[in-house]
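The listed protein sequences correspond, in order, to chains A and B. All residue numbers for the first sequence refer to my numbering, where the first residue is 405 and numbers rise by one. All residue numbers for the second sequence refer to my numbering, where the first residue is 405 and numbers rise by one. For every residue, glycine included, the Cβ atom is placed at its ideal position computed from N, Cα and C. Working notes, structure below.
There are 2 protein chains.
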Amino acid sequence: MENPKILLVDDEQDIIDLIRYNLEKADFEVHSASNGKEAIRIARKVQPDLILLDVMMPEMDGMETCIQIREQAELKNTLIAFLTARGEDYSQIAGFDAGADDYITKPIKPRVLVSRVNALLRRKASLTKPEKKKSAKGIMIDKDRYIVVKNGEELTLPKKEFELLSLLMSQPGRVFTRESILSSVWGNDVIVGDRTIDVHIRKLREKLGEHYFKTVKGVGYKFND
Amino acid sequence: MENPKILLVDDEQDIIDLIRYNLEKADFEVHSASNGKEAIRIARKVQPDLILLDVMMPEMDGMETCIQIREQAELKNTLIAFLTARGEDYSQIAGFDAGADDYITKPIKPRVLVSRVNALLRRKASLTKPEKKKSAKGIMIDKDRYIVVKNGEELTLPKKEFELLSLLMSQPGRVFTRESILSSVWGNDVIVGDRTIDVHIRKLREKLGEHYFKTVKGVGYKFND
DNA sequence: CATCAAGTTAAGTGAAAGTTAACATTTCCG
DNA sequence: CGGAAATGTTAACTTTCACTTAACTTGATG
């Protein structure tokens, strides 16, 4: 895996600088936000492995932010750790209620921070559960085995086709815009031509059947259910 | 069993001498290291039953060393106990997070140390169960005897090949990414070239048969079931 | 019926995997 | 101890095939 991504949320720039420095030294990819709203936006974009969240923040506090993050399906594998001043033990309890995975007390000791973060990420890795299988209308998709089963017949799709199908089947019936398809399957920074998606859709239609994939002109595609 | 092996890691020679004297008197085979890197090297070599690890060390501290040791598959049966100054209670928490099995507070009292070590080793002995045998499609793998049986024919595979096969067979059909293969078979800190996994896969294919190992381009490998 | 999004096709490209031999390292034995 | 054998890793080269593109066609829609 490339370096683990950490999103750091705190309204004090000093703290951000301190923590960022130490985490970057330990080879993490660090992103930061100074309030809850920004945090959620960035979290959705970069899909961090771990979010370090200050409890005390103006406007939307850490607790509220945590709850909102936990409501994002796409972030359910993200760990959340609270940064709390020692003695605010109420925060800790309420924090776990809000869906936090750990808390780290201030003042931050760099060494402790880094080993704590490492321990958390290790825990996350070992928790990697088998992926759930998605199925609809005679098609089942198994991410662990990287295969698609159509009426009992096993197919092995190439990576991009598999990911595209996964995406569309993640919410059958829902239309995914070309834009959102590009950003989930190809990534935000990759630039590919207009016809690339079409070609992949075509391959899926060839392999699985025309009718599963509905074109919504001017918008995108959806998996028919 | 011959005398239990203990690896002692501390940067202060005095402490090493003291502990070594007492442990040797109690009939243990004692090895020592004065820093984390050396510790890992020796641990891999002598496969100690127990590692006594000082928390406070220059360069790589005990916590970090512990984490790295825990990442070595071959050392997963090794016990790790921290040596910590009384009152550093943060260390204890973080230490268990890092994968420690016990901690012993300084200053060291020889009698306490020896009985603590004995207790730990007793615990270990009772925990070491015979490994389970895995089998699938005419191949059975016996971790205790370190052999692979293919249609009744016994093969002895070299370590890396054996571990790679073990991993893939631990969940037949499931795709393991190159990343996860590297981290379980080689360890997270070892850097080996891109083609190393391929070569080992090739050897397995040669010895066991092409069809058992399926390449999933851009993703990884799986054991075919 | 003009326009433009989407479909189709085949070919080109490049990244990932395969292969091989050589080199390095460790282990094994006489 | 010293040389041989086994193992692990790398480097260099080849092969493969997934992906993208370009160029063209189709067809929906206002």
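key: Min CB distance residue 562 of chain A to chain B below 8 angstroms   = Yes, residue 562 of chain A counts as interfacial toward chain B.
key: residue 496 of chain A in three-state terms, based on DSSP   = Reliability of the predicted coordinates at residue 496 of chain A is poor, the pLDDT of 49 falling under 50, and the value obtained from them is presented with this limitation in mind. In the structure shown, residue 496 of chain A sits in a helix (DSSP, three-state: H, G or I).
message = Quick check: what's the CA-CA separation for residue 585 of chain B versus residue 607 of chain B?
response = Computed Cα separation, rounded: 16 angstroms.
request  = Using alpha carbons as the reference points, say which of B:613, B:591, B:610, B:568 lies closest to residue 624 of chain B.
outcome  = Looking from the CA of residue 624 of chain B, the closest CA among B:613, B:591, B:610, B:568 belongs to B:568.
CB contact flag (residue 562 of chain A, residue 621 of chain B, <8 angstroms) = Taking a C-beta distance under 8 angstroms as the contact criterion, residue 562 of chain A and residue 621 of chain B qualify as a contact pair.
Delimiting residues of the alpha helix (DSSP H) encompassing residue 425 of chain A = First-last of the alpha helix (DSSP H) with residue 425 of chain A: 417-429.
query = Does the beta-carbon distance from residue 571 of chain B to residue 587 of chain B come in below 8 angstroms?
reply = A distance of 8 angstroms or more separates the beta carbons of residue 571 of chain B and residue 587 of chain B.
request  = Enumerate in chain order the residues of its own chain whose CB-to-CB distance from residue 565 of chain A is below 7 angstroms, with the five nearest sequence positions on each side excluded.
outcome  = The answer, listed in chain order, is 604, 607, 608.
inquiry  = Any beta carbon of chain A sitting closer than 8 angstroms to that of residue 554 of chain B?
reply    = No - not a single Cβ of chain A is within 8 angstroms of the one on residue 554 of chain B.
query = Below 8 angstroms between beta carbons: does that hold for residue 452 of chain A and residue 420 of chain A?
reply = Cβ atoms of residue 452 of chain A and residue 420 of chain A: not closer than 8 angstroms.
request  = Note the first and the last residue of the continuous alpha helix (DSSP H) segment covering residue 604 of chain A.
outcome  = Per DSSP, residue 604 of chain A belongs to the alpha helix (DSSP H) from 599-612.
query = Are the CB atoms of residue 455 of chain A and residue 488 of chain A nearer to each other than 8 angstroms?
reply = Residue 455 of chain A places its beta carbon 8 angstroms or farther from that of residue 488 of chain A.
message = Give me the DSSP bridge partner(s) of residue 409 of chain A.
response = BP columns for residue 409 of chain A point to A:433.
query = Name the chain B residues whose beta carbon is nearer than 8 angstroms to that of residue 548 of chain A?
reply = Within 8 angstroms Cβ-Cβ: 575, 577, 578, 579.
ask   = Taking all protein chains shown into account, do 16 or more other C-beta atoms lie within 10 angstroms of the C-beta of residue 417 of chain B, making it buried, or fewer, making it exposed?
value = Of the other Cβ atoms in all chains shown, fewer than 16 fall within 10 Å of the Cβ of residue 417 of chain B; this residue is therefore exposed.
query = Hey, how far is the Cα of residue 450 of chain A from the Cα of residue 594 of chain B?
reply = So the alpha carbons of these two residues sit roughly 27 angstroms apart.
inquiry  = Can you look up residue 504 of chain B in the DSSP assignment and give me helix, strand or coil?
reply    = Of the three classes helix, strand and coil, the one that applies to residue 504 of chain B here is coil, per DSSP.
Same chain only: Cβ atoms within 7 angstroms of residue 407 of chain B, ignoring 5 sequence neighbours per side = The beta carbon of residue 407 of chain B lies closer than 7 angstroms to those of 431, 432, 433 in the same chain, with the five residues before and after it left out.
message = How far does the alpha helix (DSSP H) with residue 467 of chain B in it extend, from its first residue to its last?
response = Looking at the DSSP string, the run of the alpha helix (DSSP H) that includes residue 467 of chain B is 466-474.
request  = Identify the contact partners of residue 570 of chain A in chain B, using a Cβ-Cβ distance below 7 angstroms as the criterion.
outcome  = Those within 7 angstroms of residue 570 of chain A in chain B number zero; the least Cβ separation is about 13 angstroms.
task = Could you tell me which residues DSSP pairs with residue 478 of chain B in its beta bridges?
result = For residue 478 of chain B, which the question treats as bridged, DSSP gives no partner whatsoever.
ask   = Among residues of its own chain, excluding the 5 on either side of residue 579 of chain B, which ones have a beta-carbon nearer than 6 angstroms to its beta-carbon?
value = Cβ within range, chain order: 620, 623, 624, 626.
request  = Give the DSSP bridge partners of residue 538 of chain A, in chain order.
outcome  = Residue 538 of chain A pairs with A:545.
ask   = Looking at the C-beta of residue 597 of chain B, does it have a partner C-beta in chain A at a distance below 8 angstroms?
value = Residue 597 of chain B does not count as touching chain A.
key: Interface flag, residue 558 of chain B vs chain A, CB-CB below 8 angstroms   = Not closer than 8 angstroms to any Cβ of chain A, the Cβ of residue 558 of chain B fails to qualify, so no.
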